[in-house]
Amino acid sequence: NAEYMGSVHIFSTSATAAKRHFTKMVLRRTLVTAAAILLCLTQILEAGAAKRSTTAIPSTDNQLQEALTRAQQAVSNVANEVSQALGLNNLPQPETVANQLHNQSLSFAHTVGEFVGQLQNEVSSHQGEFSGVLQSVAAKWNETATNLQAENPEVTRTAQELQTSFNSGLQSFFDEAKKIVNAIVPNAQTASDNLQQIARTALDRVQETANEFRTSLQSTTQIQPTQ
488 NAEYMGSVHI
498 FSTSATAAKR
508 HFTKMVLRRT
518 LVTAAAILLC
528 LTQILEAGAA
538 KRSTTAIPST
548 DNQLQEALTR
558 AQQAVSNVAN
568 EVSQALGLNN
578 LPQPETVANQ
588 LHNQSLSFAH
598 TVGEFVGQLQ
608 NEVSSHQGEF
618 SGVLQSVAAK
628 WNETATNLQA
638 ENPEVTRTAQ
648 ELQTSFNSGL
658 QSFFDEAKKI
668 VNAIVPNAQT
678 ASDNLQQIAR
688 TALDRVQETA
698 NEFRTSLQST
708 TQIQPTQ
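Next comes the structure, spelled out in structure tokens:
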């Protein structure tokens with residue numbers, strides 16, 4: 488009996504040890520599986536967040552290019568409508584049109600002057616080719632502002648004079664703003680945030696000015712707006 492009881496005790500101890508070992512193995516496998524699942528979930532969440540971040544926030548390049556496209560379309564539209572208005576055999580209210588051109592020119596000249604000051608402040612913050620571009624654009628914008636301020640509201644102005652006054656200033660301002668964009672896009676990392684903001688704001692102002700003048704021109708001449 489003692490020998491039998493000893494055998495039973497040994498068997499019981501072995502069974503308990505085996506059970507503990509099995510339990511540890513199951514627990515270890517469970518933990519490994521849980522860790523793998525958590526890792527996969529983390530990777531999925533990170534990928535989703537990165538995708539949302541990429542799609543939700545347009546890049547600086549895209550923002551500038553979109554602003555450039557909108558401004559170019561606005562300049563083109565107002566140029567077409569001015570040409571259409573001046574092509575009328577008997578331009579309605581020529582004095583009103585001349586005054587509108589004069590007032591818009593003075594207002595836009597003031598705006599251009601403000602951008603000249605902002606751009607000159609950025610020249611010292613940039614070096615090399617960037618600095619040269621900014622100095623050139625600032626000088627050209629200053630010339631544009633001076634020319635716009637020199638316009639006089641003469642009723643007897645010719646169609647060509649009307650066409651080249653406001654439109655030429657607006658087109659010149661846009662062309663110079665485009666040079667800044669073309670300099671920024673391939674070197675966005677070296678362009679200051681202020682400079683990028685100046686470029687976007689300048690293009691937005693081109694669009695706003697063109698649209699404002701189109702509205703006043705349409706009300707005066709009753710021409711149909713360009714689509």
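All residue numbers for the sequence shown refer to the working numbering, where the first residue is 488 and numbers rise by one. Glycine residues also receive a C-beta, built at the ideal position from the N, C-alpha and C atoms. This one's a predicted model, so the numbers in the text were calculated from it and none came from an experiment.
Closest residue to residue i among the options (Cα-Cα distance)
i, options, result
"Ser655", "Leu551, Asp548, Ser592, Thr583", "Ser592"
"Gln587", "Val569, Pro673, Asn549", "Val569"
"Ser659", "His589, Leu551, Glu553, Ala558", "Ala558"
"Leu657", "Glu630, Ala585, Gln705", "Glu630"
"Ser706", "Asn674, Ala572, Asn567", "Ala572"
"Lys665", "Asn674, Ala689, Asp680", "Ala689"
"Ile671", "Gly619, Ala596, Ala566, Asn590", "Gly619"
"Ile685", "Ser623, Gln614, Gly604, Asn698", "Gly604"
"Phe700", "Asn590, Asn674, Asp680, Gln552", "Asn590"
"Asn698", "Ala585, Gln560, Pro673", "Gln560"
"Gln614", "Gln552, Leu704, Asp548, Asn674", "Asn674"
Residue i in three-state terms, based on DSSP
i, result
"Gln591", "helix"
"Ala675", "coil"
"Arg613", "Per the sequence shown, residue 613 should be read as His rather than Arg. If DSSP states are grouped into helix, strand and coil, His613 belongs with coil."
"Ala697", "helix"
"Ala625", "helix"
"Ala637", "coil"
"Ser706", "helix"
Buried or exposed by the 16-neighbour rule on C-beta atoms within 10 Å, applied to residue i
i, result
"Ser612", "exposed"
"Thr633", "exposed"
"Glu616", "exposed"
"Glu582", "exposed"
"Gln676", "exposed"
"Thr702", "exposed"
"Gln694", "buried"
"Glu663", "buried"
"Ala554", "buried"
"Ala625", "buried"
"Thr696", "buried"
"Ala637", "exposed"
"Ser540", "Its pLDDT being 45, under 50, Ser540 is placed unreliably by the model, and nothing is read from it."
Beta-carbon proximity check, residue i vs residue j, cutoff 8 Å
i, j, result
"Val562", "Phe661", "yes"
"Trp628", "Val668", "no"
"Leu635", "Leu621", "no"
"Glu601", "Leu682", "no"
"Arg687", "Gln550", "yes"
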